[in-house]
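What follows is a short report on a single structure.
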Amino acid sequence: MLALSSNHRAITMSFISVTSKSLASMTVCRTFLRSLTSASSPASPTKRQIISLYRDLIRSSRVFASHNYRDYIHRRAQDAFRKNATETDPKRIQALYERGKRDLEVARRQGWLNAQFRADKSVVDR
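Residue 105 in the UniProt record's numbering sits at position 105 of the sequence shown, and the numbers go up by one each step.
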């Protein structure tokens with residue numbers, strides 16, 4: 001345990017000396033990396049990722065007790081994916097994928113809330 005502590009102290013001291021000596025070069029490096037990441041377009045999601053997102057959205061609709069919510073989420077997912085099935089622009093595909101992920105998180109949260117405060121089943125659901 002004592003050896004680890006002294007080793008940790010040595011690593012910390014060397015990090016401090018490196019940091020104080022090369023702060024300017026690290027700033028230039030960070031700026032360069034930021035320019036590279038902002039200039040390049042985000043990678044488009046793969047077909048497998050898109051299909052997985054679709055399946056997850058459909059599965060998230062099954063959590064709701066009310067058939068109205070289940071059908072709404074299921075129908076909305078189907079309609080959105082059918083509408084954008086022919087999209088070819090990588091930036092647009094990425095934006096749609098990100099929106100789908102946000103919608104999935106909302107559906108999961110709403111499903112959790114729905115399960116926590118479950119009401120009696122309606123006549124249609126029985």
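Glycine included, C-beta positions come from ideal geometry on N, C-alpha and C. These figures come from a predicted structure and were not determined experimentally.
Return the first residue and the last residue of the alpha helix (DSSP H) that residue i is part of.
| i | result |
| --- | --- |
| Asn84 | Premise fails: Asn84 is in no alpha helix (DSSP H) and is neither H nor E. |
Would residue i and residue j be called neighbours here (beta carbons separated by less than 9 Å)?
| i | j | result |
| --- | --- | --- |
| Pro45 | Gln94 | yes |
| Ala43 | Ala119 | no |
| Ala115 | Ser60 | no |
| Ile58 | Ala77 | yes |
| Leu113 | Asp56 | no |
Leaving out the 5 sequence neighbours to the left and right, which residues in its chain are closer than 7 Å to residue i when beta-carbon positions are compared?
| i | result |
| --- | --- |
| Ile50 | Tyr97 |
| Arg70 | Ser61, Arg62 and Phe64 |
| Asn84 | Leu96 |
In three-state DSSP terms, what is residue i?
| i | result |
| --- | --- |
| Arg75 | helix |
| Asp89 | coil |
| Ser60 | helix |
| Ser52 | helix |
| Ala119 | coil |
| Ala43 | coil |
| Ala95 | helix |
| Ala107 | helix |
To which residues of the same chain is residue i closer than 6 Å at the C-beta, ignoring the five residues directly before and after it?
| i | result |
| --- | --- |
| Tyr54 | Phe81 |
| Glu87 | Ile93 |
Quick one: what's got a C-beta closer than 8 Å to residue i's C-beta in the same chain, skipping five residues either side?
| i | result |
| --- | --- |
| Arg75 | none |
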